[in-house]
Every structure is written in structure tokens, then in C-alpha cells.
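Its first residue numbered 1, the sequence shown is counted upward by one per residue in the numbering used here.
Idealized CB from N, CA, C, for every residue including glycine.
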Amino acid sequence: MGVTGGKVYLVGAGPGDPALLTLRGKACLEQADVVLYDYLANPVLLDHAPPQAERIYVGRRGRGAYQDQRDVNRTIVEKAKAGKVVVRLKGGDPFVFGRGGEEAEAVAEAGLPFEVVPGVTAAVAAPAYAGIPVTHRTMASTVTFVTGHEDP
1 MGVTGGKVYL
11 VGAGPGDPAL
21 LTLRGKACLE
31 QADVVLYDYL
41 ANPVLLDHAP
51 PQAERIYVGR
61 RGRGAYQDQR
71 DVNRTIVEKA
81 KAGKVVVRLK
91 GGDPFVFGRG
101 GEEAEAVAEA
111 GLPFEVVPGV
121 TAAVAAPAYA
131 GIPVTHRTMA
141 STVTFVTGHE
151 DP
């Protein structure tokens, strides 16, 4: 990766099965100085980070968040400004119902380089594991994802 200064990687951890982490996601973890993770990321994935990498649990669970998102954003930015390679390991895909968009905004506003590493979202993986296609040429031509955590 050749990163000399701070950089942030927003990495999708996939739907829980460690084998579904992308090769790019694994490569980012292997270079990490700091990994911020929550309960949706399988803890086995932390083994890909170097032993000396700082691991920071930023627990989030729906409305019962354990850490304010502004604090998470601030930690990401502070660590990257200190020259660290920061991986924000997020369950599923960073930009599907996660706060990856907010984290990317914070990093961009701080003028720091970042990369989004897509992950397999559970919205597609769960039906696939059950043998249910989310689209089928003769039965379903569209897919819609909606959140269950928003007042209409």
C-alpha cells in the first residue's frame, strides 16, 4: 500500500462469515496501525491486523449506541492526523445502513486521504445463503432496501 502519512480505510467486514472479507479488506487490516470496530464485525477479522495495532471498540448497536458518532469520527480523524493508517472495520458494507457516509464526510472535511473498501452486505448475503435470489429474470426485477430504524 505504501502509505507514509495518515490514511483512513473504511472497510466492509461482510455479513459475519470471516471468509467473506474481501482480499482488499484483508490487505488494509494487515497494514493497520489502528483498527476501530464494532459488534457487527466478526472479532476473528482483527487477527489480520498486526499484533501491535491499536484496537479500539467503538460499539454501536442501533439506537442503543455505546459511543456517540461524533466521538467515533473524531477518533478516526485524530489517529489519521497523527500519521496512522486507520481502518474503520464496519459490518456488511460501509455505505449500506452504516455510518460510513458520515465517517467519510468527517475524514474528507479534515482533508485526509481515505478509501472505501466495499463489503458484502447482509441484505444480499442472507438470502443467498438461504438459496433465495434477490432478483430473478422471470420473477423479480428490482430490489429495495429500507431501514427499520427510522420513523416514517
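- Residue state for Lys7 is assigned as strand, using DSSP reduced to three classes.
- Of the candidates Lys79, Glu102, Thr135 and Leu112, the residue whose Cα lies closest to the Cα of Lys90 is Glu102.
- Beta-bridge partners assigned by DSSP to Ile56: Leu36.
- One alpha carbon belongs to Leu29, the other to Leu23, and they sit about 10 Å apart.
- Judged by DSSP in its simplified three-state form, Ala128 adopts helix.
- Using a Cβ-Cβ distance cut-off of 8 Å, the segment 107-117 and the segment 136-143 are not in contact, since fewer than three pairs of beta carbons, one from each stretch, lie closer than that value.
- CA-CA distance, Ala49 to Glu105, rounds to 25 Å.
- Around the Cβ of Val58, a 10 Å sphere holds 16 or more other Cβ atoms; the residue is buried.
- Taking a cut-off of 8 Å for Cβ pairs, the segment 115-126 and the segment 8-17 touch, as three or more such pairs fall below it.
- For Arg70, the uninterrupted alpha helix (DSSP H) segment begins and ends at Gln69 to Lys81.
- In its chain, beyond the 5 residues on either side, Gly101 and Val116 have a beta carbon closer than 7 Å to the beta carbon of Phe95.
- DSSP, read as helix, strand or coil, puts His48 in helix.
- As a beta-bridge residue in DSSP terms, Glu115 pairs with Tyr9.
- Using a Cβ distance threshold of 8 Å, Val34 and Lys79 count as a contacting pair.
- Rounded to the nearest whole angstrom, the C-alpha separation of Asp68 and Arg137 is 43 Å.
- Residue pairing by DSSP places Lys90 opposite Gly12 in a beta bridge.
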